[in-house]
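Residues -26 to -1, 1 to 159 in mature numbering (1 follows the signal peptide of the UniProt record, and there is no 0) are what the sequence shown lists, from first letter to last.
Using N, Cα and C, we set each Cβ at its ideal position, and we do this for glycine too.
Structure first, then comments.
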Amino acid sequence: MVNKFILGSLAIVVSLSGTATNQVSAKPVINPDLNIEPVTRPNLQIKPVPLLRCIDPAAESIQFQVIRRDSQFRGRVRITGVIKNVGSLAYLSQPSQQGLLLYENNRLVKTSSFQNLAPGATAQISYERDWNSSSPAEGEFPPTYKLLITYDPDIRLDGNPNNDDCRSSNNQAVRSGQGINELLR
Ligand SMILES: [Ca+2]
Ligand SMILES: [Ca+2]
């Protein structure tokens, strides 16, 4: 029993030292056509790149879905805005300090709120309406949808660093309603 254990341990040590030897014995490859001396840098170390630790709710997508079809061109559609915390830290806040807005052209058609978002977690806002892809207002000149994340103006001064979005440039998404026409034709 003891001997087996010692043998097993020795095998692991031999195996590990073999791996280590392979790593440290790697030598720089020098092009023999070039008459240069290899540069020796014994103290050179590769430092790991620090991960960006960041709380980052972002407007991820605007999705279209036909929820009722009345004819080839007509139906009822759902427009859904999706946000996602694309950062590596959780978003932790109080209710009503942050919200979602969904615009159809310049008209605000839906508001919604969200609160806490773990890294990778999502929240949604949805709006439904009738649609006729053979009409001028929708088929020929479809409206544009815009999803916005909004915050209280004083959210950076509220004493809670866990609700401070590290990047505001990704808090908006825009998509043409032409995508709905492609579903109703
Ligand atoms: Ca804050
Ligand atoms: Ca953001």
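- Would the beta-carbon of alanine 64 fall within 9 Å of that of asparagine 145? no
- By how many angstroms is the C-alpha of threonine 124 removed from the C-alpha of isoleucine 111? Isoleucine is not the amino acid found at residue 111; the sequence shown has alanine there. Each residue's alpha carbon lies about 29 Å from the other.
- Close beta carbons around alanine 92, own chain, < 7 Å, minus the five adjacent residues each side: In the same chain as alanine 92, and ignoring 5 residues on each side of it, the C-beta atoms closer than 7 Å to its own belong to Asn59 and Ala64, in chain order.
- Query: For the putative contact between glycine 153 and phenylalanine 38, defined by C-beta atoms under 8 Å, what is the C-beta separation to the nearest angstrom?
  - Reply: 5 Å
- Where does the unbroken alpha helix (DSSP H) through glutamine 152 begin, and where does it stop? 152 to 155
- Message: With distance defined between alpha-carbon atoms, name the residue in Ile53, Ala95 and Asp104 nearest to tyrosine 119.
- Response: Ile53
- Query: Got a sec, what are the start and stop residues for the beta strand (DSSP E) alanine 92 sits in?
  - Reply: In the DSSP annotation of this structure, alanine 92 is not part of any beta strand (DSSP E), being labelled neither H nor E.
- Task: Quick one: which unbroken beta strand (DSSP E) runs of 3-plus residues sit fully inside the stretch 55 to 113? Chain order, please.
- Result: With a minimum length of 3 residues, the continuous beta strand (DSSP E) runs that stay inside the stretch 55 to 113 are 72 to 78, 81 to 87 and 96 to 106.
- Endpoints, beta strand (DSSP E) assigned at glutamine 37: 31 to 43
- Message: I'd like to know if the stretch 65 to 85 and the stretch 124 to 137 are in contact, where contact means that at least 3 CB-CB pairs between them fall below 8 Å.
- Response: yes
- Task: Rank Ile57, Ser45 and Arg48 by C-alpha distance to the C-alpha of serine 100 and give the top, closest one.
- Result: Ile57
- Query: Where DSSP assigns a beta bridge to isoleucine 53, which residues make up the other side?
  - Reply: Phe38 and Tyr101
- Can we count arginine 141 as close to ligand 2, meaning its CB is less than 8 Å from some heavy atom? yes
- Query: Where does arginine 130 fall in DSSP's three states?
  - Reply: helix
- Query: Just how far apart, CA to CA, sit serine 107 and glutamine 98?
  - Reply: 25 Å
- Task: Indicate, with yes or no, if ligand 2 has a heavy atom lying under 8 Å from the CB of aspartate 30.
- Result: yes
- Message: Would isoleucine 36 and glycine 55 be called neighbours here (beta carbons separated by less than 9 Å)?
- Response: Contact: yes.
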